[in-house]
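Asks:
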Amino acid sequence: MRDRSSSGFSLIELIVTMAILALLASMAVPFAQLVQQRQKETQLREGLRQIRTAIDAYKQAVKEGRVESAADASGYPPDLDALWKGVSDKTRPDAVKLYFLRRLPRDPLYPDSSADASLTWGLRSYDSPPDAPAAGDDVFDVYSQASGTGLNGLPYREW
């Protein structure tokens, strides 16, 4: 007769072990999804902050007379590309450009990863109302075009 202690695992032991591993994996997947969503929301918040700070800096440069602007214009940039491609500094005769961003951040929640960064953001002009943002002659503000709600309970479009 064989000694029972020297044999391998029984079928019951293997099934219990697999059930425990499956339970642990099923708890880890939602946590990983939550971490990924939180990371994208952090990137979205940071991108919005960078662009809005650059828009304010552009407006300040117009106010100081460093950027050419029509008398009847709002003083905000005509498009997002002006923030990173640069505009001529009219106070410097040597054609120096003013740059407000090193690069234009992308909306991390935008579904098409191959789209140009400037197309991933929704634009609001100075003349459009806050509750119905629309593009126009300038860029007063940006917002995410993503549908859905963030972990804070607010729709992404309202950030």
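Take any residue in the sequence shown, note its place counting from 1, add 1, and you have its number in the numbering used here. Beta carbons: idealized from backbone N, C-alpha and C, even for Gly.
(1) Going by Cα to Cα distance, which pick from 119, 108, 149 and 136 is closest to residue 47?
(2) Assuming residue 85 is part of the alpha helix (DSSP H), what are its boundary residues?
(3) State the beta-bridge partners of residue 17 as determined by DSSP.
(4) To the nearest whole angstrom, what separates the beta carbons of residue 68 and residue 91, a pair I think is in contact under 8 Å?
(5) Compute the beta-carbon to beta-carbon distance between residue 140 and residue 124, rounded to the nearest angstrom, for a pair I have assumed lies under 8 Å.
(6) Give the list of continuous beta strand (DSSP E) stretches no shorter than 3 residues that lie fully inside the stretch 53-140.
(7) Taking only three categories from DSSP, how would you classify residue 27?
(8) Could you spell out where the beta strand (DSSP E) holding residue 144 opens and where it closes?
(9) So, using beta-carbon positions, are residue 98 and residue 76 closer together than 8 Å?
(10) For the pair the stretch 33-52 and the stretch 141-154, tell me if three or more CB-CB distances fall below 8 Å.
(11) Does the Cβ-Cβ distance between residue 110 and residue 144 come in under 8 Å?
(12) On a Cα-Cα basis, can you pick out the residue from 122, 128 and 82 that is closest to residue 146?
(13) Using 8 Å for Cβ pairs, my map puts residue 126 next to residue 138. What's the rounded Cβ distance?
Replies: Inspection of the coordinates gives the following:
(1) It is 108.
(2) That run of the alpha helix (DSSP H) goes 82-86.
(3) Answer is none; residue 17 lacks a bridge partner.
(4) Contact holds; Cβ gap of about 7 Å.
(5) Contact between residue 140 and residue 124 holds: CB atoms are separated by about 5 Å, below the 8 Å threshold.
(6) Scanning the stretch 53-140 from its first residue to its last, the whole beta strand (DSSP E) runs of 3-plus residues come out as 122-125.
(7) Three-state DSSP puts residue 27 in a helix.
(8) Taken as a continuous stretch (DSSP letters only), the beta strand (DSSP E) holding residue 144 covers 142-145.
(9) With contacts defined as CB atoms closer than 8 Å, residue 98 and residue 76 fail to qualify as a contacting pair.
(10) A contact exists between the stretch 33-52 and the stretch 141-154.
(11) The beta carbons of residue 110 and residue 144 sit no closer together than 8 Å.
(12) With respect to the C-alpha of residue 146, the residue from 122, 128 and 82 having the closest C-alpha is 122.
(13) The C-beta distance from residue 126 to residue 138 rounds to 6 Å, short enough to fall under 8 Å.
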